[in-house]
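A short worksheet on the structure shown next.
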Ligand code: NDP
Ligand code: 2IT
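Numbering (the working numbering), first residue to last: 221 to 670.
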């Protein structure tokens, strides 16, 4: 049998290689396709990036770890989950990226997230490599004590592969302040070190101000920049948001703050439609419902007498759609519905919420669309600022961090325009992919064939 290797630098050959080497990792394949569709034509025009081995190295994680996570449930039964950490690329700095606890987690999902993270982190301009991890554990129906035992067991193994200077995890779906606290506590206990090994920590023990808000706020700062290119601003626009977790809550908060009207939010069971708009008080209810009670969005509809349907939130009249839940929530079907309803802008709070077909439909219909690696980079950017504060034993004010976040999002927007502008149109996908690629590729070339 012949060696499996890249035949040439065409999109077809690259995708064939990825498929052959990673059968069944469909989300990873999709993420590579999305990046390479725009990066391959760029490489064709730039000889430097045709260097042998560069693309193969970019598509192969430096290291993938899978491990057993045994824990004891409330009935005294011993349970076993699978843990993952994919350290994708360290060309720009220590691996950086969140941990996801959700039953759908598998190696392909973590690889797609770590691959995307590499480009996202590059776009932030901070010295961060790309990684991601997690487990197929579902924290949703567990007691606090069960979650704590699980997190302790997870960290007992993960600690072998991470440190403040090599790999710094954070939260993602199913991993919020509670889980981060338990994992940080266990790392500290096992290593006897109080270091910034994980970000998204509570403010009492080394967390950064604005980290909780940063992904959602950053998304809105970016959307405002997008709308300034010919559509005014976010002020007065109608917004639909999917999800009601961390990213969705703070996207909603900043949208309200900037004068928009948010009419829809959701969870994995269904969505609410509130034609009067979600105001600050109603949002506080959602935060309490989701973060403290760990309840369902349906309860919002009961409390505020609004509509609830067991469907996605995309079939509503809105100017701006912000998918902030999970991958592939907007397929061709939802994209067509959004276009029919005259959406102006779709910006991703989640990672890869739009399928490849959905993106094409949006772009071809003149909707301004921007990918998560640009629009949701505010979360990891403030994580990077948390690392800096921890390393210097400092704690910056809310305004200081927020101002830096605004600057970072504006800078990312500029980079997207620089590499994505074609006459009057800005292709944000192209701009984000190429700008993210250049920095990583330059660093990889400089560091040799490693
Ligand atoms: P949370 O766990 O706080 O919230 C997730 C939300 O999405 C919940 O409302 C959840 O509903 C919903 N959801 C999860 N899976 C699905 C699904 N398959 N279909 C429909 N709804 C679903 O996570 P985050 O808010 O942190 O993350 C949301 C997205 O943002 C993810 O794609 C994540 O990767 C991305 N992201 C997060 C960052 C962060 O800093 N937290 C940074 C950048 C990106 P339910 O309660 O029913 O499960
Ligand atoms: O997808 C993401 O960028 C995150 N979940 C945040 C990663 C981080 O290290 O803050």
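Ideal Cβ positions, reconstructed from N, Cα and C, are used throughout, including at glycine.
Proximal residues to residue 552 (C-beta, below 8 Å), its chain only, five neighbours per side dropped: Excluding the 5 residues flanking it on each side, residue 552 has same chain C-beta neighbours closer than 8 Å at 575, 577, 578, 581, in chain order.
With 16 other Cβ atoms within 10 Å as the buried cut-off, status of residue 668: Around the Cβ of residue 668, a 10 Å sphere holds fewer than 16 other Cβ atoms; the residue is exposed.
N-terminal and C-terminal residue of the alpha helix (DSSP H) that residue 367 is part of: Residue 367 -> alpha helix (DSSP H) spans 364 to 378.
Touch test, the region 529 to 539 against the region 486 to 493, Cβ-Cβ under 8 Å, three pairs minimum: Touching, per the Cβ criterion.
Expected contact under 8 Å - CB spacing of residue 231 and residue 254 to nearest Å: Contact doesn't hold; Cβ gap of about 11 Å is too wide.
Member of 499, 486, 469 whose CA lies at the smallest distance from the CA of residue 479: Here the closest residue by C-alpha is 499.
Three or more C-beta pairs below 8 Å linking the region 610 to 618 and the region 428 to 443: Cβ pair count under 8 Å is three or more, so yes.
Under the three-state DSSP convention, the category residue 604 falls into: Residue state, collapsed to three classes: helix.
Cβ-heavy atom distance, residue 422 to the ligand FAD, below 7 Å: This structure lacks the ligand FAD; the ligands present are the ligand NDP and the ligand 2IT.
Complete beta strand (DSSP E) runs within the region 403 to 464 (minimum length 3 residues, chain order): Listed in chain order, the complete beta strand (DSSP E) runs (minimum 3 residues) inside the region 403 to 464 are 458 to 462.
Residue 488, DSSP secondary structure in three states: Of the three classes helix, strand and coil, the one that applies to residue 488 here is coil, per DSSP.
Test item: CB-CB of residue 598 and residue 435 under 8 Å: Here residue 598 is near residue 435, since their CB atoms are less than 8 Å apart.
Rounded separation between residue 601 and residue 628 - CA only: One C-alpha to the other measures close to 8 Å.
Same chain only: Cβ atoms within 7 Å of residue 497, ignoring 5 sequence neighbours per side: Cβ within range, chain order: 481, 482, 483.
Coil, strand or helix - residue 292 by DSSP: The three-state reading of DSSP puts residue 292 in strand, counting E and B together.
Length of the line joining the Cα atoms of residue 413 and residue 407: Roughly 8 Å separates the two Cα atoms.
Cα-Cα separation between residue 585 and residue 559, rounded to whole angstroms: Computed Cα separation, rounded: 7 Å.
Among 287, 393, 421, 266, nearest to residue 403 - alpha-carbon criterion: Per the Cα distances, 421.
Beta-carbon proximity of residue 349 to residue 311, cut-off 8 Å: Yes. Within cutoff.
Cβ-heavy atom distance, residue 419 to the ligand 2IT, below 7 Å: Indeed, a heavy atom of the ligand 2IT lies less than 7 Å from the Cβ.
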